[in-house]
Amino acid sequence: MALPTPDTQAKVASEAAQIFIDRFYEALTHQRPLSPFYASTSPKLTGAGIKPDLSINGQPLDGGVAAYEALLKAQAQGNAVAWDVSSFDAQPVTAWYRIGDPSVDPQTGDLVPDGGGGGGGGSAAAAAAAAMLRNGDKISFAVQVNGTVRYGRGHVADAGGSGSGSGSGGTGGTGGAANGGADGDGDGGSDGARKSEFSESFLLVPHWEASGRNAAKGMRKWVIVSQNFRAL
109 MALPTPDTQA
119 KVASEAAQIF
129 IDRFYEALTH
139 QRPLSPFYAS
149 TSPKLTGAGI
159 KPDLSINGQP
169 LDGGVAAYEA
179 LLKAQAQGNA
189 VAWDVSSFDA
199 QPVTAWYRIG
209 DPSVDPQTGD
219 LVPDGGGGGG
229 GGSAAAAAAA
239 AMLRNGDKIS
249 FAVQVNGTVR
259 YGRGHVADAG
269 GSGSGSGSGG
279 TGGTGGAANG
289 GADGDGDGGS
299 DGARKSEFSE
309 SFLLVPHWEA
319 SGRNAAKGMR
329 KWVIVSQNFR
339 AL
């Protein structure tokens, strides 16, 4: 059982974080459903007792993703929203996130053996699971994001995040950011728009169903288990 090297973990975390930021903040900008980005969309994770933990300005947000979407809607007040990511940083947390992993042997905590090689299907599944582990597809990683959210006229929703970076972080453009202040406060721009700077952290883990056979198109490869937003 070979774990991914530190370099592999860092590379996977950085690339996965970039994709997550682009897609997540694009969804926020266009006010699209957010449930596909969270662990609650995974039966294997929820069956193992994992559910998203969200907090706003240090206060737990009861009601999960639905409550978060309702808060975002109330903040927007029917206006256009633009989420701008100014920077992000990604760091691997665990080399192998085992919770909910269908390839984990519950007795040993290691990969499920292939049954002695008696069946080609079992051997192939075991080899695929080992390759996923070695390639970093089973890591968990943390993402720290900083940016600005803007509400009101003069800010037309962009097509999506354009952040780019190398190593463990990067900078982004319009289309990326995170939740405005929980109380809806923010500075007003000269064009009448409200804006608020923010800092937000996430913990993402593998979405096991996304790596399974016949996975639905567009399914997120990693999902959020922890999100902590703070208005600055």
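Residue numbers for the sequence shown follow our numbering, so the first one is 109 and each next one is one higher. Positions of the beta carbon are idealized from the N, C-alpha and C atoms, including for glycine. This structure is a prediction, so every number in the text was calculated from the model and none was measured.
{"Asked": "Using alpha carbons as the reference points, say which of V251, Q139 and W204 lies closest to D197.", "Found": "V251"}
{"Asked": "How is the alpha helix (DSSP H) around S341 delimited, first residue to last?", "Found": "Residue numbering for the chain in the displayed model covers 109 to 340; residue 341 lies beyond these limits and cannot be assessed."}
{"Asked": "Mind listing, in chain order, the continuous alpha helix (DSSP H) runs of no fewer than 4 residues lying wholly within the region 134 to 188?", "Found": "151 to 155 and 172 to 184"}
{"Asked": "Could you check where the beta strand (DSSP E) with E317 kicks off and where it finishes?", "Found": "That residue, E317, is in no beta strand (DSSP E); it is neither H nor E in DSSP."}
{"Asked": "Mapping the DSSP letters down to three states, classify R338 as helix, strand or coil.", "Found": "strand"}
{"Asked": "Is the distance from the Cβ of A203 to the Cβ of P112 below 8 Å?", "Found": "yes"}
{"Asked": "Whole-angstrom Cβ separation of A234 and V220, contact assumed at under 8 Å?", "Found": "7 Å"}
{"Asked": "Given a threshold of 16 other Cβ atoms within 10 Å of its Cβ, counted over all protein chains shown, does L179 qualify as buried or as exposed?", "Found": "buried"}
{"Asked": "Using DSSP with H/G/I as helix, E/B as strand and the rest coil, what is G288?", "Found": "Here G288 scores only 38 on pLDDT, less than 50, and its place in the model is too uncertain to base an answer on."}
{"Asked": "Between the alpha carbons of E57 and P141, how many angstroms are there, rounded?", "Found": "Residue 57 is absent from the structure shown; the chain starts at 109 and stops at 340."}
{"Asked": "Quick check on DSSP: helix, strand or coil for A239?", "Found": "helix"}
{"Asked": "Can you tell me where the beta strand (DSSP E) with Q252 in it begins and where it stops?", "Found": "S248 to Y259"}
{"Asked": "Please report the straight-line C-alpha distance between A135 and A239, rounded to a whole angstrom.", "Found": "31 Å"}
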